[in-house]
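To keep things clear, I will list the structure first and then write my remarks on it.
Residue numbers (our numbering), protein chains in the order written: chain A, 3 to 231; chain B, 141 to 419.
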């Protein structure tokens, strides 16, 4: 389980996170929802140790993060994280070289699934293709958790469909997924838990199925309540 | 291969074309200037000989034979130019080796900071790569010097040249004299201070990358503080304390201060990269 307990973060005079707490369980898809600037990406970066926090604690399976975190938790940011001059084949070799949890066979299957060319250079990929390859770099690891930052941001309908397909496949099965989005449409039927973030604090956190059956509300209905007051 | 070596390999791989270009430029400029200067001198001498023959061949003594040392002394500008270009490129790359990972559409620093190994390896890999580039260029220059000596021997007829040793050629050229120290103390001064400067600059950059705008101020203050400490250590030991201490003791004081600054820079740099750096 990923536990985020009362984390705080300040950028100069602006308090971006004001004590964010939530959990993301293994085998579930947890969605961090919020409008632009709510602090969603900062939470993911904080979990991955990519930005220091001003207070609070983060625990992965009960332990504070260390270098071994990156074998167990994968982060897929909203852009590619490999040099533009690298070929896709070189990026795969890089992953294989540095990560013990890299699954070469799965990466090869995903290259076929996403119809990606090994010889293409990262800098020349279209936004949709880059998003697919980015997802491949995340899914190629045998990790327990996968963190996705705006996986559908700025990509075309067909690429969105292909990526959504991944969430229903056995590629995700059994892993804990924590994703951020401000466009809940495509994902609503897939997510198990929603955590709503507004101005650096968690305003609502609920089980999507319970909300649907208990109060008869969809995630979008709750979003309207939270963000439109 | 452990991850540190893989990271060093990656850094070298990323700079390989620039390094190759610098090597190519150095070879072209130095060899072409050597050939030009030798050919020009041989032509002048041939013309002089002809004039002397027409006038009075026995009145003027024959000119001295050419030596490689003479060539090194006379081609200083074209010899130093590629060396200065290489140094400038390496100095700029001390900054770029960090910043390039933050630049562009695909920010590689995310991946580098998420590698499943201690982050200090990233720091050590970058400093190793910079030192490796410097020593590769120095070794290359030494090897090139032998090639240039060989070319000199081919270009100058045996009856017009005199054998000279490579060491004499190095002594004749101020740039080579500085780059290739002949005493260990001099080596420590040149390359030790250079390495220290790289460590301090790395820490300055990491301050900026960790605290951004405020970090520029922290970094500049750190840079100024370190420069002042080293400058004071060198100036007081070479002026104020000169009458009281032996040269060996002065040398030890300077080395101790430099080592202290280096340790402080490494400690701070590693702490920043581990705890404070931000993407």
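No residue lacks a Cβ here, since even glycine has one placed at the ideal position from N, Cα and C.
Since this is a predicted model, take the numbers as computed values, not measurements.
- The beta carbon of residue 355 of chain B is closer than 6 angstroms to those of 347, 348 in its chain, skipping five residues each way along the sequence.
- The stretch 311-384 of chain B is shown to contain whole alpha helix (DSSP H) runs of 4 or more residues at 314-319, 324-327, 333-375, in chain order.
- If you check the CB distance, residue 148 of chain A and residue 78 of chain A come in under 8 angstroms.
- Close CB contacts of residue 338 of chain B within its chain, under the 7 angstroms cut and outside five residues either way in sequence, are with 234, 267, 270 (chain order).
- The continuous stretches of alpha helix (DSSP H) do not include residue 16 of chain A, which lies in the beta strand (DSSP E) extending over residues 16-26.
- If you look at residue 113 of chain A, you'll find it in the alpha helix (DSSP H) that goes 106-115.
- Taking C-beta atoms as the reference points, residue 191 of chain A and residue 38 of chain A fail to come closer than 8 angstroms.
- In the three-state reduction of the DSSP assignment, residue 286 of chain B falls in the helix class.
- Burial state of residue 188 of chain B is exposed, judged by a 10 Å Cβ sphere holding fewer than 16 other Cβ atoms.
- DSSP places residue 212 of chain B outside any beta strand (DSSP E); the residue lies instead in the alpha helix (DSSP H), whose first and last residues are 208-214.
- Judged by beta-carbon spacing, residue 162 of chain A lies within the 8 angstroms limit of residue 154 of chain A, meaning their Cβ atoms are closer than that value.
- Of all residues in the stretch 385-404 of chain B, none comes within less than 9 angstroms of chain A when Cβ atoms are compared.
- In this structure, the straight-line span from the alpha carbon of residue 260 of chain B to that of residue 327 of chain B is close to 27 angstroms.
- Within the stretch 247-274 of chain B, 247, 248, 250, 251, 253, 254, 255, 256, 257, 258 place their CB atoms closer than 7 angstroms to a CB of chain A, listed in sequence order.
- Contact holds between the stretch 63-82 of chain A and the stretch 244-257 of chain B, because three or more Cβ pairs, one in each stretch, are under 8 angstroms apart.
- Residue contact with chain B for residue 26 of chain A: absent (no Cβ-Cβ distance below 8 angstroms to any residue of chain B).
- At a cut-off of 8 angstroms between beta carbons, residue 245 of chain B contacts chain A.
- Collapsing the DSSP output to three states places residue 196 of chain A in a strand.
- By the criterion of a C-beta distance shorter than 7 angstroms, residue 157 of chain A is surrounded in its chain by 129, 130, 133, once the five residues flanking it on both sides are discounted.
- In the DSSP annotation of this structure, the continuous segment of the alpha helix (DSSP H) that includes residue 91 of chain A starts and ends at 90-100.
- Neighbours of residue 101 of chain A in chain B, taken as residues whose beta carbon is under 9 angstroms from its own, are 255, 256 in chain order.
- Each of A:173, A:227, A:202 was checked against the Cα of residue 105 of chain A, and the nearest Cα belongs to A:173.
- Taking C-alpha positions only, residue 116 of chain A is separated from residue 88 of chain A by approximately 19 angstroms.
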